[in-house]
Amino acid sequence: MDNKSKPFKNQHLEVIRGIAAFLVVIDHLINRVPEVMQYKNHYINLIGNWSAEAVIIFFILSGIVIHSSVENRPRSGFNFFVERLIRIHPILIISVIFSVVIEIYLFKSKPSTIVIVGNIIPVSTLQGYLVTMLWNSNPVIWSLSCELFFYAVFSIFAIRKNGLNYSFMAVWFVLGIISFIIYYNPIPNNLFVNYLAIMLAYSPIWIVGFFIWSIRKKLNTSLILATLSLCCLPIISRAHITHNHFDPIKNLIFSIASIPLFLFLIRENNGDRSHFSLIKKFSCILIICMTYSIGFLYLINDPTYPIVSKVLYICLPFSFLFFYIKPFKTLTVTIYYSLILKTFKHLGSLSYSIYLIHNILIVVIFNLFSFNLGLKLLLLCFSVYIFSYLLERKLQPALNQFLKPKLLR
């Protein structure tokens, strides 16, 4: 197999994917399980309330990986979309079946056929314009509705025989910005337009990831700038620019602030000796400063956060200064490569299944078993891992081998 046909794999992106999946699980434990919720406070929230941001990270990663995949292995829009369906739907269908069983037998609520089919397609959203969520058992499916929309639009309009249509991607980005108007001001009794506005409103985040791959050789970053970018993300994610928890404006700013981080992670030179011109360095610093300023202005005037949390969020970006201390930098890099990399890279390879089944298992374990909290948490960790491993490493490869020759042309 030549290099052109090899799928793009980056171990650092897998680590980010694994951490994001882990944060979703922690968030749902903290906010959906009464036994755990009793311990909630502002300081627990500093660690746990990150599922919305994790989804945004998934969107950015998707944009990067899809662009790299199509660039390294060109194929038709039809083949691309079928491959995505084969990747998404088997595990999604299984999760929806288990979710429906839980809804019926644990929550005594039988979803309609439309709701079941709408979550399998999927076209369900948080707002429920076309189809409502399976709120009790598996509310995470809403993000897959966005992902499938991204893939459908990308396969139909962006993939061409002679390459990718970058002009369309730019137009799509602008349409996404314009759709914010309808997102915040839904049109009464026009469910499809409102649904389309949601899909378009989240599209710029995915497109940011798409263009990160495009500029990776033109705009490089260093470990210092990547750290600064990473440490700016919490203050931006906590900026209440609007009263909407899933705020596409804030999430777009969040994705822009992440550009230096992801550019560092996907750079072709794995060392830390990144040499780039002053204007390129200035561009990265400008991105960071602008996004940090927005987060700072909104956070400092937000009465919902205690002063300690505000100080932590505001000061965190300045931790990049520690990387000028050689022993600290060496220790951090050692911890990353010896402890974090292997564990979360492995979780990243299972992240799709972890994302789809963890809430089902949380509901089952914390509703059907009566032993203490510690044992429930151990059982949850074990069961999430085993089910995810079986789905990703056994079922999905078998389905790939069976379905791809039949469906791809």
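In full-length UniProt numbering, the protein residues as written are 1 to 409.
Using N, Cα and C, we set each Cβ at its ideal position, and we do this for glycine too.
Residue 285 has its alpha-carbon roughly 43 Å from the corresponding atom of residue 137.
Taking all protein chains in view, the Cβ of residue 36 is crowded by 16 or more other Cβ atoms within 10 Å, so the residue is classified as buried. In the DSSP assignment, residue 65 falls within the unbroken alpha helix (DSSP H) covering 51-72. Membership of residue 197 in the alpha helix (DSSP H) is indicated by the continuous run 191-214. Rounded to the nearest angstrom, the gap between the Cα atoms of residue 288 and residue 52 is 21 Å. Per DSSP, the continuous alpha helix (DSSP H) segment holding residue 400 begins and ends at 396-407.
When beta bridges are read from the DSSP output, residue 163 appears opposite 160. If you draw a 10 Å sphere on the C-beta of residue 172, you find 16 or more other C-beta atoms in it, and that means buried.
With contact defined as three or more Cβ pairs closer than 8 Å, the segment 213-227 and the segment 149-156 are not in contact.
Distance between residue 247 and residue 241, taken at the CA atoms: about 8 Å. In terms of CA proximity to residue 203, 179 leads the group 185, 179, 191 and 192.
In this chain, the alpha helix (DSSP H) harbouring residue 37 covers 34-37.
Given a length threshold of 4 residues, each whole run of the alpha helix (DSSP H) inside the segment 316-398 is given here in chain order: 326-335, 341-349, 351-368 and 373-389. Here residue 140 is buried. Its C-beta has 16 or more other C-beta atoms within 10 Å.
In the DSSP annotation of this structure, the continuous segment of the alpha helix (DSSP H) that includes residue 264 starts and ends at 259-265. DSSP, reduced to helix, strand and coil, places residue 134 within a strand of the structure shown.
Taking 8 Å as the cut-off, the beta carbon of residue 407 is found no closer than this to the beta carbon of residue 96.
In summary, residue 330 is exposed, with fewer than 16 beta-carbon neighbours lying within 10 Å of its beta-carbon over all protein chains present. With three or more CB-CB distances shorter than 8 Å, the segment 250-263 counts as touching the segment 52-63. At a Cβ-Cβ threshold of 8 Å, residue 40 and residue 30 count as neighbours.
CA-CA distance, residue 347 to residue 193, rounds to 37 Å.
The segment 61-75 makes contact with the segment 206-214, as at least three CB pairs between them are under 8 Å. Bounds of the alpha helix (DSSP H) holding residue 113 are 113-120.
Per DSSP, reduced to three states, the secondary structure at residue 99 is helical. A distance below 8 Å between beta-carbons, with the five flanking residues on each side excluded, links residue 134 to the following residues of its chain, in chain order: 96, 99, 100, 103, 111, 115, 119, 124 and 141. Judged by beta-carbon spacing, residue 191 lies within the 8 Å limit of residue 130, meaning their Cβ atoms are closer than that value. If you draw a straight line from the Cα of residue 394 to the Cα of residue 354, it comes to about 15 Å. Annotation: the continuous alpha helix (DSSP H) that includes residue 227 extends over 223-237. Sequence-distant partners of residue 183 (beyond 5 residues in either direction) whose C-beta falls short of 7 Å from its own C-beta, in its chain, are 197, 198, 201 and 248. Taking each of 343, 336, 223 and 228 in turn and checking the Cα distance to residue 385, the smallest one comes out for 343.
Linking residue 32 to residue 378 through their CA atoms gives a straight-line distance of about 17 Å. Nearest neighbour of residue 122 by Cα position, chosen from 356, 368, 398 and 399, turns out to be 356. Spatial neighbours of residue 19 in its own chain (CB-CB distance under 6 Å, excluding positions within 5 residues in sequence) are listed in chain order as 344.
In the DSSP assignment, residue 143 falls within the unbroken alpha helix (DSSP H) covering 142-153.
Residue 45 and residue 161 have their C-alpha atoms spaced approximately 48 Å apart.
Contact between residue 313 and residue 235 is confirmed by a C-beta separation of about 4 Å, below the 8 Å threshold.
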